[in-house]
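**Q**
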Amino acid sequence: MLDVTKFKITNLCNIIDEAYILAFEQRIGVSLPGDYKEFLLRFGAAMLTPSTVPLTDPDGHPFSDKPYETGDVDLGIFYAASFRETGKPSNGLRDRNSLNEQYSEYTLDYGLDPDYIPIADGHANNIFLMKVKGEGAGGIYYWLNKRYCLLAHSFEAFLDKIPYVKEQSYEEFINSIKDDADFEWYKKNWLKQHKKMREQYQVKEQGEP
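Residue numbering for the sequence shown follows the numbering used here, starting at 40 and increasing by one per position.
In structure tokens, the structure reads:
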């Protein structure tokens with residue numbers, strides 16, 4: 040099973056099913072890698088925390104387009120199915136954050152190499168891609184100002200590339216505000232927001248499978 044225990048994962052739309060993935064595979068004419076399909080089936084359209092991806096190739100050599108992109112980049116929403124496609128509730132997801140919409144926009148309209156599919160938002164108009172055809176299929180790329188920059192040879196290796204950053208625990212938060220005059224308000228508000236986020240966005244905390 041894909042190890043995602045170092046992340047907090049926020050699901051923005053109900054999980055998609057195998058029928059949706061199969062229809063998308065038929066549209067692009069190729070099967071998606073198993074590790075990527077596993078992620079889609081478990082989490083759908085989702086955001087990860089931490090989300091800072093080093094702009095380096097699989098051997099650690101950096102890519103850079105100064106001053107626009109250098110060092111690292113934030114990973115945005117993973118595309119899956121939008122609420123309009125599934126007919127299920129959205130937690131802030133837009134129609135465009137779907138595999139089908141992004142494939143239409145970038146591959147069919149913008150002329151993206153059809154050997155690649157968009158899989159997640161990057162910075163500005165730069166996006167994360169997966170190569171699905173030809174040599175090196177399954178590799179993850181960053182479309183850096185229309186250059187195809189290889190980040191990892193597989194989806195699992197791509198997730199491994201993202202550094203682990205432990206989020207502040209409730210106890211650590213309480214300790215950090217213990218001398219604040221509004222201590223009780225912050226404490227109550229943290230618990231309220233934490234509960235709301237977990238329920239509304241189906242959040243899985245770091246360490247949860």
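The C-beta atom is built at its ideal place from N, Cα and C for all residues, glycine as well.
Quick check: the segment 52-71 against the segment 91-99, are there 3 or more CB pairs under 8 Å?
**A** No, they do not touch.
**Q** Name, in chain order, the residues that DSSP records as bridge partners for E140.
**A** As a working mapping, residue 140 is identified with position 101 in the sequence shown. E140 is not bridged to any residue.
**Q** Please confirm if the segment 153-160 is in contact with the segment 168-179, defined as three or more CB-CB distances below 8 Å between the two stretches.
**A** Short answer: they touch.
**Q** Report yes or no: do three or more beta-carbon pairs, one from the segment 70-78 and one from the segment 188-204, lie closer than 8 Å?
**A** Yes, the segment 70-78 touches the segment 188-204.
**Q** Mark Y149 as exposed unless 16 or more other C-beta atoms lie within 10 angstroms of its C-beta, in which case mark it buried.
**A** Looking up residue 149 in the sequence shown gives position 110. The residue in question, Y149, is exposed, as its Cβ has fewer than 16 Cβ neighbours within 10 Å.
**Q** At what residue ranges does the segment 132-199 contain a whole run of the alpha helix (DSSP H), taking only runs of 4 or more?
**A** Correct list: 138-141.
**Q** Could you check whether L94 and F46 sit closer than 8 Å to each other, using their CB atoms as the reference points?
**A** Numbered from its first residue, the sequence shown carries residue 46 at position 7. Numbered from its first residue, the sequence shown carries residue 94 at position 55. Not a contact, by the Cβ cut-off of 8 Å.
**Q** Nearest to L79 by CA position, among T109, N136, A119 and V43, is which residue?
**A** Against the sequence shown, residue 79 aligns to sequence position 40. Looking at the Cα atoms, A119 is the closest of the given residues.
**Q** Are the Cβ atoms of K205 and V92 separated by less than 8 Å?
**A** Position 166 of the sequence shown, counted from the first residue, corresponds to residue 205. Position 53 of the sequence shown, counted from the first residue, corresponds to residue 92. No; because the gap between Cβ atoms is not below 8 Å, this pair is not in contact.
**Q** Would you tell me roughly how many angstroms separate the C-alpha atoms of F222 and K235, rounded to the nearest one?
**A** On the sequence shown, position 183 is the one that residue 222 refers to. On the sequence shown, position 196 is the one that residue 235 refers to. If I take the Cα positions, the gap works out to 20 Å.
**Q** Cβ of F82 within 8 Å of Cβ of N139?
**A** Taking the sequence shown and counting its residues from 1, the one referred to as residue 82 is at position 43. Taking the sequence shown and counting its residues from 1, the one referred to as residue 139 is at position 100. Their beta carbons are not under 8 Å apart, which means F82 does not touch N139 by this criterion.
**Q** Helix, strand or coil for K231? Go by DSSP, reduced to three states.
**A** As a position in the sequence shown, residue 231 is number 192, starting the count at 1. Correct three-state label for K231: helix.
**Q** So, is K185 buried or exposed, given that buried needs 16 or more other C-beta atoms within 10 angstroms?
**A** Within the sequence shown, the letter at position 146 stands for residue 185. Classification of K185: exposed, given that the 10 Å Cβ count is below 16.
**Q** As a quick exercise: from A220, D219, K227 and Y59, pick the residue whose alpha carbon is nearest that of Y2.
**A** Outside the displayed range of the chain (40 to 248) lies residue 2, so it cannot be described from this structure.
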